[in-house]
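J.: In order, the protein sequence lines correspond to chains X and V.
The numbering of the first sequence is the numbering used here, which starts it at 1 and goes up by one.
The numbering of the second sequence is the numbering used here, which starts it at 1001 and goes up by one.
2 protein chains.
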Amino acid sequence: MDSKRLTPPALESLQRVRVILCATSHPGNIGAAARAMKTMGLNRLILVNPKIFPDPQADAMASGADDLLANAIVCTSLTEALQGVVLALAMTARRRELATAPLWVRDGALELVGMAAQGEVALVFGNETSGLSNEELAQCGCWAMIPTDPDFSSLNLAAAVQIMCYELRMALLGTPAVPTIPTMVDVGQLATHDEVEGVLSHFEQSAVDSGFLDVASPGRLMLRLRRLFARARLEREEVNILRGFLASFQRKRG
Amino acid sequence: MDSKRLTPPALESLQRVRVILCATSHPGNIGAAARAMKTMGLNRLILVNPKIFPDPQADAMASGADDLLANAIVCTSLTEALQGVVLALAMTARRRELATAPLWVRDGALELVGMAAQGEVALVFGNETSGLSNEELAQCGCWAMIPTDPDFSSLNLAAAVQIMCYELRMALLGTPAVPTIPTMVDVGQLATHDEVEGVLSHFEQSAVDSGFLDVASPGRLMLRLRRLFARARLEREEVNILRGFLASFQRKRG
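(1) So with CB distances below 9 Å, who are the chain X contacts of residue 1263 of chain V?
(2) Give the DSSP-derived three-state secondary structure of residue 1131 of chain V in the structure shown.
(3) Between which residues of its own chain and residue 40 of chain X is the CB-CB distance below 6 Å, once the five residues before and five after are set aside?
(4) The beta strand (DSSP E) spanning residue 40 of chain X covers which residue range?
(5) So residue 1121 of chain V and residue 1016 of chain V are supposed to be a Cβ contact under 8 Å. How far apart are they, rounded?
(6) Run down chain V in chain order and give the residues with a C-beta less than 8 Å from the C-beta of residue 64 of chain X.
(7) Look up residue 4 of chain X in the DSSP assignment and say whether it is helix, strand or coil.
(8) Any idea what DSSP makes of residue 1046 of chain V, helix, strand or coil?
(9) So which residues of chain X does residue 1109 of chain V contact, with C-beta pairs closer than 8 Å?
(10) Can you find a C-beta in chain X that's less than 7 Å from the C-beta of residue 1195 of chain V?
(11) Comparing alpha-carbon positions, which option in V:1072, V:1064 and V:1065 lies nearest residue 1053 of chain V?
(12) Residues in the same chain with beta-carbon distance under 8 Å from residue 57 of chain X, minus the five sequence neighbours each way, listed in chain order, please.
(13) Please tell me whether residue 1161 of chain V and residue 1062 of chain V are closer than 7 Å, where the distance is taken between their beta carbons.
(14) In this structure, does DSSP put residue 18 of chain X in helix, strand or coil?
(15) Near residue 1229 of chain V, what residues of its chain come up, given a Cβ to Cβ distance below 8 Å and the 5 sequence neighbours on each side ignored?
(16) Around the C-beta of residue 1008 of chain V, are 16 or more other C-beta atoms found within 10 angstroms, so that it is buried, or is it exposed?
(17) Any beta carbon from chain V within less than 7 Å of residue 210 of chain X's own beta carbon?
(18) Mapping DSSP to helix, strand and coil, what is residue 1152 of chain V?
(19) Could you work out which residues of chain X lie near residue 1051 of chain V, taking near to mean beta carbons separated by less than 7 Å?
(20) Can you tell me the Cβ-Cβ gap for residue 14 of chain X and residue 47 of chain X, rounded? I've got them flagged as a contact below 8 Å.
(21) If the cut is a Cβ gap below 7 Å, which residues of chain V does residue 40 of chain X touch?
(22) I'd like to know whether the C-beta atoms of residue 113 of chain X and residue 88 of chain X end up nearer to each other than 7 Å.
(23) Mind listing the chain X neighbours of residue 1173 of chain V? Cutoff is C-beta to C-beta under 7 Å, in chain order.
(24) List the residues of chain V that residue 238 of chain X touches, going by C-beta distances under 9 Å, in chain order.
(25) Who are the Cβ neighbours of residue 1106 of chain V in its own chain at under 6 Å, not counting the five residues just before and after it?
(26) Using DSSP with H/G/I as helix, E/B as strand and the rest coil, what is residue 1120 of chain V?
(27) Using C-beta distances below 7 Å, list every residue in its chain close to residue 146 of chain X, excluding the 5 sequence neighbours before and after it, in chain order.
(28) Can you list, in chain order, the residues of the segment 1110-1126 of chain V whose Cβ is nearer than 9 Å to any Cβ on chain X?
(29) Between which two residues does the alpha helix (DSSP H) carrying residue 165 of chain X extend?
(30) When the cut-off is 7 Å and only beta carbons count, does residue 1244 of chain V lie next to chain X?
Structure, rendered in structure tokens:
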């Protein structure tokens, strides 16, 4: 793993995603949302009837995503903001009286990404306290929920934007090419079988010399050590370090 | 889908997760991180040398997660904060000179959840600007990165906490029947962080005694050994074996 860059088609899809914030009360949240978007490579911000915008608090919270604020489009209705989209995904914190149950955000992101290959799409967020109105929810083709703790579901607006944009990016990155633990084997030069056997013999001899290992009843000691080294996938340099240690002990004793 | 409640074992695992914030500069970020944690059902916050805490800004940003701040534990070192954990996952924004490549957060969450079934685990976040020091990173068994846009990776601290806690909850909701690396976890009782530190100190002292390690120019020796042990996920019995070895060498010399 060296970078997690999007492919050109995935980048194009990401450019087709509008993030629409409706009736946001606190300008700081607009700035923080812009920053959250930009970290995930999204840059099209639309504000529907923001209470206060532009505002120095928005600028302060954007820290580096000022370009998104400068290019933000301000609309007076969600209808206007949704012009031309093929799919709008509304974020909701509760089930309400939606005709169909909302998706979980991970599935919602996959849905949106699938449509973004074909046209403009939108992610729609409501007011910090009251969320989206029923009329606004009804204008969106699907709904998504973040699986919060049922006892404390009070997500900050920018935090919800962050999670959703992260899921969009993950969906576009697709199944990770890297295995779960890529890392444990690809770094140093791995020790060969006989090098590992060498350090095991060295340990055994040292342990016998020091009286730790009784040749007559060795028990499971060497077996345990062998399992440990096998699991660790010893590297050549590590073998050298361990043998250096052991040799120094033997010299000291000799 | 009507609710997304965690099963009792998953809830128990979540209670074993410590969120450790190191050297946080802005108290507002501590409060926002607490809120982010609580939305995902995490509640154990540990602060290592926070610049300012407690503080009204932290309270204001916690909005409803005040209990996490009230119960937060303040420590003076990461070592202290990691006492008793079987796995610490450090968040990093760049590859640095880590011996092994970091995991992506989704895989890191699976890893952590797998270990949380067996013991205490920790998520470790660094300072807003400088991240974690190399010494702090070295104390953690694995590292994870959030796949941000390579051109703008400036995630807010609380946003990073939010994503990671969300991924933990998602991992627990999807609780895979088998852990990611079954062979590494289902065998013996895992050693705790301080037990591993103990065997490392023992190695170091023995190596100094034997003349293998020059205190004046230690080089990368102990760092290499630390990485090897972190990778191997030492079990308690293995720690005992290694310490037995070392003690026998020292007795023989004495």
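Where is the CB? At the ideal position from N, CA and C, for every residue including glycine.
Since this is a predicted model, take the numbers as computed values, not measurements.
T.: Inspection of the coordinates gives the following:
(1) Summary: the structure shown does not reach residue 1263 of chain V, with chain V confined to residues 1001 through 1254, and so no result is reported for it.
(2) If you number the second sequence from 1, residue 1131 of chain V lands on position 131. The answer is strand: DSSP assigns residue 1131 of chain V an E or B state.
(3) Position 40 of the first sequence, counting from 1, holds the residue named residue 40 of chain X. In the same chain as residue 40 of chain X, and ignoring 5 residues on each side of it, the C-beta atoms closer than 6 Å to its own belong to 165, 166 and 169, in chain order.
(4) The residue labelled residue 40 of chain X in the question sits at position 40 within the first sequence. Here residue 40 of chain X belongs to no beta strand (DSSP E), and DSSP marks it neither H nor E.
(5) Counting from one through the second sequence, the residue named residue 1121 of chain V turns up at place 121. Counting from one through the second sequence, the residue named residue 1016 of chain V turns up at place 16. Confirmed, Cβ separation roughly 6 Å.
(6) Taking the first residue of the first sequence as 1, we reach residue 64 of chain X at position 64. Those are 1152 and 1154, listed as they occur along chain V.
(7) Along the first sequence, read from residue 1 onward, the residue named residue 4 of chain X stands at position 4. Three-state DSSP puts residue 4 of chain X in coil, outside helix and strand.
(8) By one-based count along the second sequence, residue 1046 of chain V stands at place 46. Here residue 1046 of chain V sits in strand by DSSP.
(9) As a position in the second sequence, residue 1109 of chain V is number 109, starting the count at 1. None at all; the shortest Cβ gap to chain X is about 11 Å.
(10) For this step, residue 1195 of chain V is matched to residue 195 along the second sequence. Under the 7 Å criterion on CB atoms, residue 1195 of chain V is classed as non-interfacial with respect to chain X.
(11) Position 53 of the second sequence, counting from 1, holds the residue named residue 1053 of chain V. Taking only the C-alpha atoms, the option nearest residue 1053 of chain V is V:1072.
(12) Counting from 1 along the first sequence, the entry for residue 57 of chain X is found at position 57. Excluding positions up to five away in sequence, the list reads 26, 27, 28 and 31.
(13) By 1-based counting over the second sequence, the position of residue 1161 of chain V is 161. By 1-based counting over the second sequence, the position of residue 1062 of chain V is 62. Contact flag unset, no.
(14) Within the first sequence, the letter at position 18 stands for residue 18 of chain X. Here DSSP, grouped into helix, strand and coil, assigns residue 18 of chain X to strand.
(15) Counted from its first residue, the second sequence places residue 1229 of chain V at position 229. So the qualifying residues of the chain are 1196, 1199 and 1200.
(16) Position 8 of the second sequence, counting from 1, holds the residue named residue 1008 of chain V. The residue in question, residue 1008 of chain V, is exposed, as its Cβ has fewer than 16 Cβ neighbours within 10 Å.
(17) Along the first sequence, read from residue 1 onward, the residue named residue 210 of chain X stands at position 210. For residue 210 of chain X, the answer is yes, since a Cβ of chain V falls inside 7 Å of its Cβ.
(18) Here residue 1152 of chain V is taken as the residue at index 152 of the second sequence, counted from 1. Of the three classes helix, strand and coil, the one that applies to residue 1152 of chain V here is strand, per DSSP.
(19) As a position in the second sequence, residue 1051 of chain V is number 51, starting the count at 1. Those do not exist, as residue 1051 of chain V stays about 18 Å from chain X at its closest Cβ, beyond 7 Å.
(20) Translated into the one-based positions of the first sequence, residue 14 of chain X becomes position 14. Translated into the one-based positions of the first sequence, residue 47 of chain X becomes position 47. A Cβ-Cβ distance of about 20 Å is found for the pair residue 14 of chain X and residue 47 of chain X, leaving them out of contact under the 8 Å criterion.
(21) Locating residue 40 of chain X in the first sequence gives position 40, where the first residue counts as 1. Within 7 Å Cβ-Cβ: 1148 and 1149.
(22) Here residue 113 of chain X is taken as the residue at index 113 of the first sequence, counted from 1. Here residue 88 of chain X is taken as the residue at index 88 of the first sequence, counted from 1. Annotated as distal: residue 113 of chain X and residue 88 of chain X, with beta-carbon spacing of 7 Å or more.
(23) Taking the second sequence and counting its residues from 1, one reaches residue 1173 of chain V at position 173. Correct list: 147.
(24) On the first sequence, residue 238 of chain X is found 238 positions in, with the first residue counted as 1. 1224, 1225, 1227 and 1228, listed in chain order.
(25) Along the second sequence, one-based indexing puts residue 1106 of chain V at 106. The residues are 1167.
(26) Here the question's residue 1120 of chain V lines up with position 120 in the second sequence. Three-state result, residue 1120 of chain V: coil.
(27) By 1-based counting over the first sequence, the position of residue 146 of chain X is 146. The residues are 105, 155, 160 and 163.
(28) Answer set for the segment 1110-1126 of chain V: 1110 and 1111.
(29) The residue you call residue 165 of chain X lines up with position 165 of the first sequence. 157-173 is the span of the alpha helix (DSSP H), which, as asked, contains residue 165 of chain X.
(30) The residue labelled residue 1244 of chain V in the question sits at position 244 within the second sequence. It does; some Cβ of chain X falls within 7 Å.
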